[in-house]
Structure formats: C-alpha cells, structure tokens
Amino acid sequence: MAGVMDSVNQRTQLVGQNRLELLLFRLDGEQLYGINVFKVREVLQCPKLTLMPKSNPVVCGVANIRGATIPILDLAMATGSGGLKDQSSPFVIITEYNTKTQGFLVRSVERIVNMNWEEIHPPPKGTGRDHYLTAVTRVDNQLVEIIDVEKILAEVAPTSESISAGVVDLETQHKAVSLRVLTVDDSSVARKQVTRCLQTVGVEVVALNDGRQALDYLRKLVDEGKKPEEEFLMMISDIEMPEMDGYTLTAEIRNDPRMQKLHIILHTSLSGVFNQAMVKKVGADDFLAKFRPDDLASRVVDRIKAADHS
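Residue numbering for the sequence shown is 1 to 310, as defined by full-length UniProt numbering.
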C-alpha cells in the first residue's frame with residue numbers, strides 16, 4: 001500500500017487548475033468513498049491500538065506512529081453505520097485536518113484517481129440534513145461519496161467557537177453592523193462556525209456553498225452595476241469545494257477587472273507552506289487555517305479598521 005502515497009508530494013501542480021486527486025477506499029460493503037490526497041499523510045495496515053478510557057466511542061484507540069501518538073477513528077461508526085464489522089485486516093488513513101493529525105480506520109484502500117472539481121458535485125438535495133457527505137462523484141460509473149470530515153471531527157472533538165475577550169472592541173462592533181462579509185464553504189459545519197464567529201464580530205454574513213455559486217453570485221452583482229468591494233468588506237473562501245475550488249474562484253475574480261479589488265482570504269483545513277505559495281500565485285490577500293475563532297475575528301477587525309482609514 002505504501003506505493004499509493006509515494007508521489008503525493010509531486011502532486012501540487014494540480015492545484016490551481018481546478019483539479020484534485022481522490023484516494024478511494026471502502027468501509028463495510030461495496031460503497032466507494034473518497035478523500036482528497038492533500039489531506040492524507042500516509043496509508044498503512046492498522047497498527048496495534050491502545051484503548052483510551054472515557055474517549056468518544058468513535059475513537060477505537062490510539063496508535064504510536066513514527067514517534068507520535070495518533071487517535072484512530074472508526075469512520076464507519078462516525079458516519080452512523082454502527083462501526084466497521086470486518087476488522088480482520090483493516091487499514092488506517094493518516095490525515096491532517098485543521099493542523100491536527102488523526103487516523104481513519106477503513107476496511108480497504110483502492111487507488112488514487114485524478115479528477116476535475118467540476119466532476120465533484122454537492123450531495124443530492126433529498127439527502128436530508130443529518131448526512132455526512134460533503135460531495136459526490138462518479139468513478140468508472142460507480143458512485144463515490146466524499147465524507148464531510150469537518151463535521152465528524154466537530155462531533156468527536158468539538159473546538160471552541162468563542163472569541164477571546166479583547167479581540168473585538170465595542171467601537172469596531174458598532175462599525176461592523178453596517179458591513180457584510182461573503183463566505184464560501186461546502187461544509188455545513190464550517191459555514192455555521194464561520195457565520196457564528198463573524199456575527200459575534202458584528203458583520204452581516206452572506207454564506208454560499210461552493211466556488212461556482214460564489215462566482216455566479218458576484219457576476220450577477222457586477223452585471224447589475226454593483227462593485228463587490230463596496231458590497232462586501234471581504235470574501236472568506238474554503239479551498240476544497242465541489243464544482244470550483246477556492247484557488248480557481250480567486251483566479252477568476254482577479255482576472256475580471258470588475259471584481260478584482262475584492263479582498264480575499266482563503267480559509268482551509270489544508271495545512272502547510274505549499275498553500276501559502278498557492279495563495280500568492282492566484283492572488284488572494286491572505287491565508288488562514290481553520291478553525292481558529294480569534295485569528296478569523298482578528299482578520300475581520302483588521303479589515304474594518306483598514307476600511308475605516310481608506
């Protein structure tokens with residue numbers, strides 16, 4: 001299985017071209033699931049696990065991997081299907097989300113496929129509100145479900161959503177009331193987290209689900225004679241999204257003279273220096289790792305103060 005991940009570090013050229021690579025895997029049954037290769041650090045046969053008393057039932061134990069103690073989550077149980085039944089020789093996918101490392105227990109790992117984000121679609125509307133999907137696609141005419149890992153992690157290990165005292169002062173909150181921020185994220189959990197944080201600062205939030213929807217929305221604004229930089233204090237966009245990723249969305253905005261002055265922050269659970277290089281390449285103003293309420297609020301406060309002096 002090691003060979004599957006050998007060339008992950010050489011895959012960065014895909015980003016910015018609205019492309020991604022999915023690592024395909026299965027839980028119980030024949031349903032295929034996918035995870036973005038950029039979230040994956042390695043894939044290995046499940047090592048010996050140490051049980052953790054009083055941990056969340058989804059956490060089946062911790063493993064010592066390359067000197068680090070990493071929690072291992074049963075992905076089947078986390079998505080509500082009662083836990084992985086066939087544990088004869090399971091694999092663990094070691095991932096990094098929001099600067100935290102964890103492993104996901106799966107029955108088998110298949111292969112990596114190269115795709116265009118336009119082939120990745122939001123879940124069907126009839127899926128309901130409690131599903132764990134962030135997107136779906138098809139590979140070799142077979143449905144692939146992409147799991148909303150941010151929702152799972154928020155349920156297993158909730159992070160604080162409160163802003164520390166002193167980050168936002170009363171004068172800034174007073175000014176914020178007349179301002180709007182555009183947010184773009186395909187994860188319902190991430191949208192709610194960002195929205196609650198920004199509402200605490202005091203701004204009005206317009207929340208959209210993916211890059212394509214955001215670009216269409218902004219184009220409609222400029223067609224009506226409006227200027228996005230006057231309508232919105234800033235846009236805060238996820239990078240990984242169905243239909244159109246955040247890098248491509250940013251590049252499209254920067255290439256259109258009618259909207260290129262919009263202040264853009266890319267807000268992502270993807271980690272690493274590489275992302276900061278891509279932020280500069282596509283012309284975003286800033287990059288922020290999810291989800292740090294104080295950092296997010298501080299960026300908005302800084303923009304409010306900058307707009308006040310412009």
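Quick reminder that beta carbons are idealized off the backbone N, C-alpha and C, glycines included.
The structure displayed is predicted, hence computed values, not measured ones.
Three-state secondary structure (DSSP) of residue i
| i | result |
| --- | --- |
| residue 35 | strand |
| residue 173 | helix |
| residue 165 | coil |
Own chain, CB closer than 7 Å to residue i, minus 5 neighbours either side, in chain order
| i | result |
| --- | --- |
| residue 196 | 161 |
| residue 193 | 161 and 291 |
| residue 52 | 59, 61 and 62 |
| residue 221 | 228 and 231 |
| residue 262 | 228, 229, 232, 235 and 253 |
Contact set for residue i: own chain, Cβ-Cβ below 8 Å, skip 5 residues either direction
| i | result |
| --- | --- |
| residue 172 | 201, 202, 301, 304 and 305 |
Same chain, Cβ closer than 6 Å to residue i, neighbours up to 5 away in sequence not counted
| i | result |
| --- | --- |
| residue 69 | 62 |
| residue 77 | 58 and 83 |
| residue 150 | 187, 189 and 190 |
| residue 286 | 265 |
CB contact below 7 Å: residue i versus chain B
| i | result |
| --- | --- |
| residue 258 | Structure shown: chain B not included; a single protein chain is present. |
4 or more residues per run - each alpha helix (DSSP H) lying fully within the UniProt domain "Response regulatory" (180-305): Those alpha helix (DSSP H) runs which fall completely within the UniProt domain "Response regulatory" (180-305) and span 4+ residues are 188-201, 211-223, 228-231, 246-254 and 273-282.
Uninterrupted beta strand (DSSP E) stretches inside the UniProt domain "CheW-like" (19-158) (no shorter than 3 residues): Correct list: 19-26, 32-36, 40-45, 59-65, 68-74, 91-97, 100-106, 108-116, 133-139 and 142-147.
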